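Novice:
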Amino acid sequence: MTAIPPEPGADELQCSAKDCRADAVWALRWNNPKIHTPERRKVWLACGGHRASLSAFLDRRGFLRDVVPVADRDLPAASQGASDPA
Ligand SMILES: [Zn+2]
Numbered sequence: 001m002t003a004i005p006p007e008p009g010a011d012e013l014q015c016s017a018k019d020c021r022a023d024a025v026w027a028l029r030w031n032n033p034k035i036h037t038p039e040r041r042k043v044w045l046a047c048g049g050h051r052a053s054l055s056a057f058l059d060r061r062g063f064l065r066d067v068v069p070v071a072d073r074d075l076p077a078a079s080q081g082a083s084d085p086a
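Mind the numbering: the sequence shown is residues 1 to 86 in our numbering, read in order.
1) Any heavy atom of ligand 1 inside 7 Å of the beta-carbon of A56?
2) Between A3 and K34, what straight-line distance do the alpha-carbon atoms span, to the nearest angstrom?
3) What would DSSP say about A17, mapped onto helix, strand or coil?
4) Spatial neighbours of A56 within its chain, please: C-beta separation below 7 Å, excluding the five flanking residues on both sides.
5) Just how far apart, CA to CA, sit P38 and L64?
6) Just to confirm, does G62 get its C-beta within under 7 Å of one of the non-hydrogen atoms of ligand 1?
7) In terms of residues, what are the limits of the beta strand (DSSP E) holding L45?
8) Quick check on L75: does DSSP put it in helix, strand or coil?
9) What do you reckon, are the CB atoms on R60 and V43 nearer than 8 Å?
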């Protein structure tokens, strides 16, 4: 029998909040200048309900760089000055 390993795909994306197993909707991209090079991006995933609390956590520490739809998490950082209607 051949076991097919599960492919990490969109279905595997889960909110990074503690004890939350909801599907991630947002990718919070952040950087800790004390330990990361400036172009490095760490990514936290958030469901709709945790986007605000997780981004606030990162923002308080000055780590948050941008929040993008989870499908765009690997795209290069958005160009500066892009307007966000939300
Ligand atoms: Zn969540």
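Idealized CB from N, CA, C, for every residue including glycine. Since we're looking at a predicted model, the values are computed, not measured.
Specialist: Working from what's here:
1) no
2) 43 Å
3) In the structure shown, A17 adopts coil according to DSSP, grouped into three states.
4) none
5) 12 Å
6) no
7) K42 to A46
8) coil
9) Not in contact: R60 and V43 (Cβ atoms no closer than 8 Å).
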